[in-house]
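Residue numbers (our numbering): 269 to 541.
Note that CB positions come from ideal geometry on N, CA and C, so glycine has one too.
The structure appears below as structure tokens.
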Amino acid sequence: GAHHSVQVFFVGLKEGTMKLAATLALSLAASAAAFAPSQTSGRPTVAVHETKADLEALAKELNPVVGFYDPLNLAEAEFWGQSNEATIGFLRHAEIKHGRIAMFAFVGYIVHANGIKFPWAMQMDGSPFPSETNPPALWDTVSDDAKWQIFALIGFLEFWSELSTPNHKHYMAGGKPGDFPDFVSGPEGIPHPVPFNLYDPFKFSKNMDEETKARRLRAEINNGRLAQLSILAFLSEQCAPGSVPLLKGIVPAYDGEPMAPFVTNYLGQPFGY
């Protein structure tokens, strides 16, 4: 999960995970400049059009005990007038994305709960990283200016992840679910060269065979599912003590709003909220 935390950096905020994921952005915000473009893209583009049968086969590989579980029958849906294959691409990508966010959140939660932080100043005015060990309360202490910088990076990564180019098909148009496009410099890309990509910046998987990649992606999906349950369990116990008996007395209580990005309700203020 820690390896994938750099890959994801909160790309799923709009689905309601913003607060719990952004709580952990603080510890790695200083490394944002390392998410930089490479000169060229070396990954081949292969059209992927998955069907319900493919999902059923994947489910058995992921968890033979549970198998295929789709009580809402989403695997046969056609969202926004798109084809069933496009809808399955959307659902597959959404699960992988949320799993990565949750893994990042879980690891960051543990880091902050143990008081681990960077020793240098967090802001230009010399403000240090907060010493709070209650992760959602820690996020509340971060200045709005710092939060907007984090959200700006999130917005860029979300924008870039949705691009469809000759070298990167969109996940709803035959692209590979969970694949983050390489950064490209030049007239049709980012106007300044920087050495690393978000995915595999040091090219450790350059010579990895497809079977190994597929096996690792399956492991990532399972880890992501577990992480989603885990981080929500943490927040549930914090906001409603006793709701998760196994965590009673382990995580501190929190009386704030875990899904709100800001302490001040800027949208609700004009209406008296």
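Length of the line joining the Cα atoms of residue i and residue j
i      : j      : result
Pro538 : Thr532 : 12 Å
Cys507 : Pro520 : 9 Å
Tyr337 : Val316 : 22 Å
Glu353 : Pro529 : 34 Å
Asn341 : Leu359 : 12 Å
Phe502 : Glu426 : 26 Å
Collapsed DSSP secondary structure at residue i in the structure displayed
i      : result
His436 : strand
Ala521 : coil
Ala420 : helix
Ala389 : strand
Val452 : strand
Pro404 : helix
Pro513 : helix
Pro469 : coil
Pro396 : strand
Ile378 : helix
Gly536 : coil
Met371 : helix
Sheet register partners of residue i (DSSP bridge)
i      : result
Pro459 : Partner(s): none; Pro459 has no beta bridge.
Sequence-distant residues of its chain with Cβ nearer than 7 Å to residue i (five each side left out)
i      : result
Leu431 : Pro449
Pro396 : Ala389, Met390
Beta-carbon proximity list for residue i, same chain, < 8 Å, skipping 5 on both sides
i      : result
Asp408 : Gly524, Val531
Glu329 : Arg486
Ser399 : Gly383, Lys385
Gly510 : Lys516
Asn331 : Asn490
Anticipated Cβ contact below 8 Å, residue i with residue j, distance rounded
i      : j      : result
Pro445 : Gly383 : Contact flag wrong, Cβ pair sits at about 37 Å.
Gln343 : Lys320 : A quick correction: the sequence has Ala, not Gln, at residue 343. Sure, about 4 Å apart at Cβ, within 8 Å.
Close Cβ partners of residue i (< 6 Å) along its chain, the five nearest in sequence each way excluded
i      : result
Phe374 : Ala495, Ser498, Ile499
His438 : Ser432
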